[in-house]
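Residue numbers (my numbering): 3 to 173. To start, the structure itself, in structure tokens.
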């Protein structure tokens, strides 16, 4: 399992080798670990632009742990809206060549809802406790991306509605 400090130490080494400035957006458990919502993550998940992906991927190929690289907002099975980078939280980590961001909590929920297994449910429960999110904001963001989902849209919509009802309904 990878802790926040392990992730940051690894990124510092990559940062020293980079020859260009890149923006990395941590997604999933990586984002939650960097934002102190989880103790650790199983693997590393980052999204970045297609013009930066090759140089980053080259530096991660010998990584001691599994690294997933997503490109241009296509994360897992859906395409996030073009503003996902702007909505991502900037991490204050003092890297020279890497601007590190963590996917917004709503966008994390949307990516986890696409797969929605037991681990995803635990992560969503954590986000619901740590972040004050409005169900209407979640549903509105879902409307922006539901047509990009590569699986059965009905399943994805069912997952989102279940998540909203379970974790974000008014008391």
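Just so you know, even glycine gets a beta-carbon here, dropped at the ideal spot from N, CA and C. As the structure is a computational prediction, the values presented were derived from the model and not from experiment.
Cut-off 8 Å between Cβ atoms - residues of its own chain near residue 113, not counting five sequence neighbours on either side = Correct list, in chain order: 29, 30, 77, 78, 80, 82, 105.
Give me the Cα-Cα distance between residue 154 and residue 23, rounded to the nearest whole angstrom.
-> Straight-line Cα distance between these residues: approximately 37 Å.
With distances taken between CB atoms, is the gap from residue 17 to residue 99 smaller than 8 Å?
-> Yes; because the gap between Cβ atoms is below 8 Å, this pair is in contact.
Residue nearest to residue 167 in terms of C-alpha spacing, selected from 130, 38, 92 = For the options 130, 38, 92, the alpha carbon positioned closest to that of residue 167 is the one of 130.
Any idea if residue 34 is buried or exposed, counting beta-carbon neighbours within 10 angstroms, 16 or more meaning buried?
-> Residue 34 is buried by the Cβ-count criterion.
Go through the stretch 46 to 125 residue by residue and report every complete run of the beta strand (DSSP E) that reaches 3 residues or more, in order.
-> Within the stretch 46 to 125, complete beta strand (DSSP E) segments of at least 3 residues are found at 46 to 50, 69 to 73, 100 to 104, given in chain order.
Run through DSSP, which three-state label would residue 127 get?
-> DSSP places residue 127 in the helix class (H, G or I) of the three-state scheme.
Got a sec? Which residues, its chain only, sit under 6 Å from residue 92 by beta carbon, not counting five neighbours each side?
-> Sequence-distant partners of residue 92 (beyond 5 residues in either direction) whose C-beta falls short of 6 Å from its own C-beta, in its chain, are 103.
Enclosing beta strand (DSSP E) for residue 141 [first to last residue] = Premise fails: residue 141 lies in the alpha helix (DSSP H), 137 to 147, not in any beta strand (DSSP E).
From residue 87 to residue 159, what distance separates their C-alpha atoms?
-> One C-alpha to the other measures close to 24 Å.
Exposure label - residue 171; buried when at least 16 CB within 10 Å | Here residue 171 is exposed: its Cβ has fewer than 16 other Cβ atoms, across all protein chains shown, within 10 Å.
Decide yes or no for the touch test of the stretch 134 to 148 against the stretch 44 to 62: beta carbon pairs closer than 8 Å, at least 3 of them.
-> Flag = no, the stretch 134 to 148 and the stretch 44 to 62 do not touch.
Please classify residue 20: does DSSP put it in a helix, a strand, or coil?
-> Assigned with DSSP and collapsed to three states, residue 20 falls in coil, not helix or strand.
Residues bridged to residue 28 (per DSSP) | Bridge partners of residue 28: 48, 104.
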